[in-house]
Amino acid sequence: MAVSGGWLLAAIGAAGCGGANECTPACGPGFECYFGVCTPLLPDGGGDAGAEVEVAPDGDDGATTDPGEVADVPDAGECTVGEVRCSGDGSALETCVEVARGVGAWRAEPCEFGCRADPAPHCLAWEISNIPDAGLLAAGETPATAWSLPAEEEIFVEFDTSNGRVSVWDADWNPLFELRPAGEGLDVESGIHFTMLAQPGGAPDLGVFSFQRLVVPANATFTVWGPRALVLLSEEDATIEGGVFAGCWANDMMPVGGGREVSLGPGAGGAGSTMPGPSGGRDGGGGGAGFGGRGGQGGGFAEPLRGAGGPTYGTAELVPLEAGSGGGSGGGSSPDGRRGGTGGGAVEIVSGGTLMLSGWVDARGCGGQSSYGANEGGGGGGSGGGVLVEAPRLRILGSVTANGGGGASGGQGAADGSSDGNDGVPASDEPAAGGVPATAYACAGGAGAAGIDTGGGDAAPCAEETLYNAGGGGGGPGRIRLNGLDRSVVGLVSPSLGSGAASEGPLDLR
């Protein structure tokens with residue numbers, strides 16, 4: 006309660022104040038006579054009996070409950086001006102401020118993520134994964150609801166990480182309009198901010214788009230184009246009712262979002278080999294690429310012919326943000342076909358509030374290719390990409406997938422494409438099928454990793470005397486990380502949480 010000089014007469018009367026210009030009897034230790042009133046002794050010898058102070062009732066522990074208000078204090082001598090502490094419940098940083106000359110009281114500053122006393126009392130700050138400049142979270146200026154996107158027809162919104170351009174397309178990929186022109190910085194009309202960031206350790210660079218509020222409508226798919234991994238930052242709540250696609254488009258297209266082509270990347274599958282023999286020789290299959298788990302081994306008549314499955318790499322936390330690798334090419338002499346599948350790209354989605362995902366996010370790897378025009382080994386599947394989703398409050402109701410592609414079969418591929426390995430399956434924990442051979446002299450490819458599988462499937466050994474063209478190994482799973490203080494994951498996650506390729510955890514608070 007706030008009281009004035011009259012309170013001091015009553016509160017410190019026990020110290021011996023008589024109320025006259027001179028204190029009779031004399032003031033006790035720690036007090037001085039000030040116009041007939043015993044007041045707490047000040048460092049400069051002065052006093053201000055008319056100043057208002059906050060006084061705690063009996064039994065108050067000194068903690069504040071109203072952020073920004075002066076907290077109650079047990080007594081005037083307990084709080085030293087300039088002293089700092091965390092509140093009793095850890096929700097605020099309290100500083101002792103002077104409310105009367107030499108008299109301190111606690112004032113609270115609420116801490117959004119709590120207060121920590123070690124090494125010195127401070128409000129915890131959120132270190133956003135892979136984003137060294139926290140200001141980028143608030144760099145956008147217009148909510149996505151103001152973009153006037155078509156509300157009825159299916160649309161694609163393409164984010165070009167090479168230059169910051171954002172364009173809108175119809176369901177048949179006919180251009181509708183440009184939402185944001187190329188260039189770094191804030192685009193005033195769309196309210197979208199774009200910048201590019203480098204990552205350490207050979208991980209792909211980042212193309213970072215900042216919004217005031219991110220909304221992916223149910224009729225829209227946000228896609229990545231360009232070589233950099235895609236980062237979407239929403240200062241306020243984020244809602245994903247539609248889809249976000251950062252996977253491999255096709256093996257005859259350039260990889261996007263940091264994904265790698267055939268036989269490239271830290272988890273690249275090994276190439277199959279060829280040995281002379283009847284009917285043009287024997288051809289081994291390419292190995293599947295690895296990432297969150299190993300890639301499958303290619304098949305072959307003998308061990309030296311079989312392309313090795315790619316290794317695992319990256320971190321469970323996806324710091325730095327990594328993408329998938331390419332499967333190995335199949336053995337043979339013809340340049341037509343037998344290439345490994347492209348790896349999935351990488352995407353990071355961050356909200357400063359609640360991130361509600363009822364739609365889907367996919368970063369699949371592509372299946373390996375079979376040969377067309379010659380009997381040769383099949384290509385290995387590409388590994389799934391990387392997906393990092395982060396917010397204080399995280400709600401996963403839809404699906405988050407980063408499945409590996411299947412390995413192609415050996416031999417002369419079927420015209421209907423069934424000899425190619427299937428691409429990683431979106432919104433599913435079913436493995437991508439390996440290619441089916443079209444001739445009696447060839448063998449099938451291995452399945453891509455999905456769900457609880459920790460690695461791509463090995464191709465059939467293809468070791469019998471009558472078999473000549475082996476299939477490729479399946480691509481390994483990508484990596485998924487879900488970070489939040491308050492997390493609810495009831496949707497589908499593939500690779501599965503707990504498989505070693507997908508995990509969840511808290512925010513990084515320091």
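Going by this note's numbering, the letters in the sequence shown line up with residues 6 to 515, in that order. All C-beta atoms in this analysis are idealised placements derived from N, C-alpha and C, irrespective of residue type, glycine included.
Under a Cβ-count criterion, where at least 16 other Cβ atoms within 10 Å of its own Cβ denotes burial, should residue i be classed as buried or exposed?
i	result
Pro180	exposed
Thr166	buried
Thr317	buried
Thr471	exposed
Val236	buried
Ala454	buried
Ser499	buried
Ala3	As displayed, the chain neither begins before 6 nor continues past 515, which places residue 3 out of reach and without an answer.
Arg598	With the chain covering 6 to 515 only, the question about residue 598 has no answer from this structure.
Val495	exposed
Ala122	exposed
Asp463	buried
Asp80	Bear in mind that the predicted position of Asp80 carries a pLDDT of just 37, short of 50, making it unreliable; the figure below should be weighed with that in mind. Result: exposed.
Pro124	exposed
Ser504	buried
Asp428	buried
Ala97	buried
Which same chain residues end up closer than 7 angstroms to residue i when comparing Cβ atoms and leaving out the 5 residues on each side of it in sequence?
i	result
Gly357	Leu142, Ser239, Glu240 and Glu241
Glu246	Val221, Pro222, Ala223, Ser363 and Gly364
Pro325	Asn135, Gln204, Pro205, Gly206 and Ala208
Pro431	Trp365, Asp367, Arg369 and Thr406
Can you grab the Cα-Cα spacing for the pair residue i / residue j, in whole Å?
i	j	result
Ser9	Ala130	Residue placement at Ser9 is poorly supported in this model, since its pLDDT is 36, which falls under 50; the coordinates still yield a value, given next. Between Ser9 and Ala130, the C-alpha separation is close to 39 angstroms.
Glu308	Ser508	35 angstroms
Glu159	Thr226	8 angstroms
Pro511	Arg398	10 angstroms
Gly231	Val355	20 angstroms
Asn224	Met361	16 angstroms
Thr145	Ile197	The identity of residue 145 in the sequence shown is Gly, whereas the question assumes Thr. Their Cα atoms are separated by approximately 5 angstroms.
Pro48	Arg106	Any reading at Pro48 needs caution, since the residue's pLDDT is 46, under 50, leaving its predicted position unreliable; the model's value is listed next. Cα to Cα, the separation comes out at about 9 angstroms.
Ala313	Ala328	20 angstroms
Gly342	Ser493	44 angstroms
Cys120	Leu490	15 angstroms
Asp458	Asp175	36 angstroms
Asp421	Gln374	12 angstroms
Leu154	Gly372	33 angstroms
Gly93	Glu117	15 angstroms
Val352	Gly263	9 angstroms
Ala437	Phe306	24 angstroms
Ser278	Gly303	10 angstroms
Val193	Thr200	15 angstroms
Gly370	Gly297	12 angstroms
Ser423	Gly461	19 angstroms
Val89	Arg515	18 angstroms
Cys253	Gly95	46 angstroms
Thr320	Gly350	16 angstroms
Val173	Ala156	12 angstroms
Ala139	Ser215	11 angstroms
Asp513	Cys128	13 angstroms
Gly415	Thr150	50 angstroms
Glu132	Glu322	13 angstroms
Going along the chain, which residues of its own chain have a beta-carbon closer than 6 angstroms to the beta-carbon of residue i, five neighbours each way excluded?
i	result
Leu502	none
Val86	Cys101, Glu103 and Gly109
Thr228	Phe161, Glu163 and Phe250
Pro260	Glu266 and Thr347
Val366	Val249, Val392 and Val405
Gly275	Gly292, Gly312, Ala313 and Gly333
Asp5	Beyond the ends of the chain as shown, which are 6 and 515, falls residue 5; an answer cannot be given.
Ala243	Leu219, Ser356 and Leu360
Ser426	Reading off the sequence, residue 426 comes out as Gly, not Ser. For Gly426, where only same-chain residues beyond five positions count, the Cβ hits under 6 angstroms are Gly372, Gly373, Gly386, Gly410, Gly411, Gly412, Ala413, Gly439, Gly440 and Gly450.
In the DSSP assignment, what residue or residues form a beta bridge with residue i?
i	result
Gln417	Ser376
Thr359	Arg398
Gly248	Thr226 and Trp365
Phe164	Val171 and Val229
Trp131	Leu514
Val220	Thr244
Met201	Gly212
Val405	Val366 and Val498
Glu308	None; Glu308 has no bridge partner.
Compute the beta-carbon to beta-carbon distance between residue i and residue j, rounded to the nearest angstrom, for a pair I have assumed lies under 8 angstroms.
i	j	result
Asn474	Asp288	5 angstroms
Gly333	Gly292	4 angstroms
Gly483	Ala506	7 angstroms
Leu191	Trp152	With 8 angstroms as the limit, Leu191 and Trp152 do not qualify as a contact, their Cβ atoms being about 15 angstroms apart.
Gly387	Ala465	In fact, because the Cβ distance is near 20 angstroms, the residues do not count as touching under 8 angstroms.
Gly418	Ala396	Contact flag wrong, Cβ pair sits at about 44 angstroms.
Gly480	Gly335	Gly480 to Gly335, Cβ: 14 angstroms. No contact.
Who are the Cβ neighbours of residue i in its own chain at under 8 angstroms, not counting the five residues just before and after it?
i	result
Ser339	Ser376, Gly378, Ala379 and Glu381
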